[in-house]
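Below: one structure, written as structure tokens.
In the numbering used here, the protein residues as written are 2 to 151.
The structure is reproduced here in structure tokens:
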């Protein structure tokens, strides 16, 4: 497997990757049928997205015979984590906590997920600052040296 941090996946490519991760090993026909059923996509759309994922090395062709089979070359959990970290890297650090709250509110979570979150939050609370600093611009570039994000 390659490092998920090295692969940027578009929204449409995520849909194909979800199918590949779910099916583990899939022919192009199976993938085309799955995307047509799940998303109403044409054969050419799915083929184009599959080709992009192969070029990005997120998916690899396995075996030598026809029909060609494909499997993921990046781990699903690692890819999800890398995408989430990348998204939060583009946000003001002061607002990341609020965004996380919104995400948690909008998702169905298992009891085990909640327990793990509670444990992690308790650990982070021990060393958390009273306020997270803004990271939008260097402090000397902000009006009066203050952030307007809060």
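Ideal placement from N, C-alpha and C gives every residue a C-beta, glycine not left out.
Note that the structure is a prediction, hence the values are computed from the model and not measured.
Secondary structure at residue 60: strand, using DSSP grouped into helix, strand and coil. Nearest in C-alpha terms to residue 12, of all of 63, 50, 96, is 50. The Cβ-Cβ distance between residue 29 and residue 73 does not fall below 8 Å. Residue pairing by DSSP puts residue 72 in a beta bridge opposite 61. Residue 128 sits in coil when the DSSP states are folded into three classes, being neither helix nor strand. Below 8 Å, enough C-beta pairs join the stretch 9 to 27 and the stretch 35 to 48 to call them touching: three or more. In this structure residue 63 touches residue 70 by the C-beta definition: roughly 5 Å separates them, less than 8 Å. Take residue 25, set aside five residues on each side of it, and the residues of its chain with a beta-carbon closer than 7 Å to its own are 72, in chain order.
In the three-state reduction of the DSSP assignment, residue 8 falls in the coil class. Listed in chain order, the non-local C-beta contacts of residue 36 below 6 Å within the same chain comprise 42, 47, local neighbours out to five positions each way being set aside. Across the structure, residue 106 and residue 65 are spaced so that their CA atoms are roughly 47 Å apart.
Ranking 52, 10, 137 by CA distance to the CA of residue 95 puts 137 first.
In this structure, DSSP gives residue 27 an extended state, which the three-state scheme calls strand.
If one requires a minimum length of 4 residues, the alpha helix (DSSP H) runs lying completely within the stretch 89 to 121 are 94 to 107, in chain order.
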